[in-house]
Amino acid sequence: MKEQQVMKSSDVREHWSEVINLVSRDQARVVVEKSGVPVAGLVSPDDLEWLKQRDSRLVDLRRVMDQMRDAFVDFPEDEFNKEVERALSSVRSGSAEQGTEGEA
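Every number in my numbering is 23 more than the matching position in the sequence shown, counting from 1.
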């Protein structure tokens, strides 16, 4: 696992070459602080790519959740919660398909 270092911005500036080498070799992530407040993070290109992919997946997930919410906008909340609990119980017990048997 990569080491995470917290450094003052002045120290990052003073040791820029060493800091960049650590980050670029995927040996560390650096949190840069100014007056004790985190203001930036330095990560490797691989970490940055992973973050971009994660952001994209989150956008997709939020879009799906919004579509699901919109589909049930007129459904009473208490009924919705009961149906969600029933579905979760069914999945957890391994009988997800049993919930649809006998329904038309």
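All C-beta atoms in this analysis are idealised placements derived from N, C-alpha and C, irrespective of residue type, glycine included.
Going by the CB atoms, is the gap between residue j and residue i shorter than 8 Å?
{"i": "Arg46", "j": "Gln27", "result": "The identity of residue 46 in the sequence shown is Val, whereas the question assumes Arg. No, the Cβ-Cβ distance between Val46 and Gln27 is not below 8 Å."}
{"i": "Val66", "j": "Arg52", "result": "yes"}
{"i": "Asp49", "j": "Asp69", "result": "yes"}
{"i": "Met30", "j": "Glu56", "result": "yes"}
{"i": "Ser32", "j": "Val62", "result": "yes"}
Once DSSP output is grouped into helix, strand and coil, what is the label at residue i?
{"i": "Val60", "result": "strand"}
{"i": "Gln28", "result": "strand"}
{"i": "Val54", "result": "strand"}
Buried or exposed, going by whether 16 or more other CB atoms sit within 10 Å of the CB of residue i?
{"i": "Val35", "result": "buried"}
{"i": "Ala127", "result": "Its pLDDT being 45, under 50, Ala127 is placed unreliably in this model, and the value from its coordinates should be taken loosely. Ala127 comes out exposed."}
Just to confirm the assignment, what range does the alpha helix (DSSP H) spanning residue i have?
{"i": "Asp83", "result": "Pro68 to Ala94"}
{"i": "Arg109", "result": "Glu100 to Arg115"}
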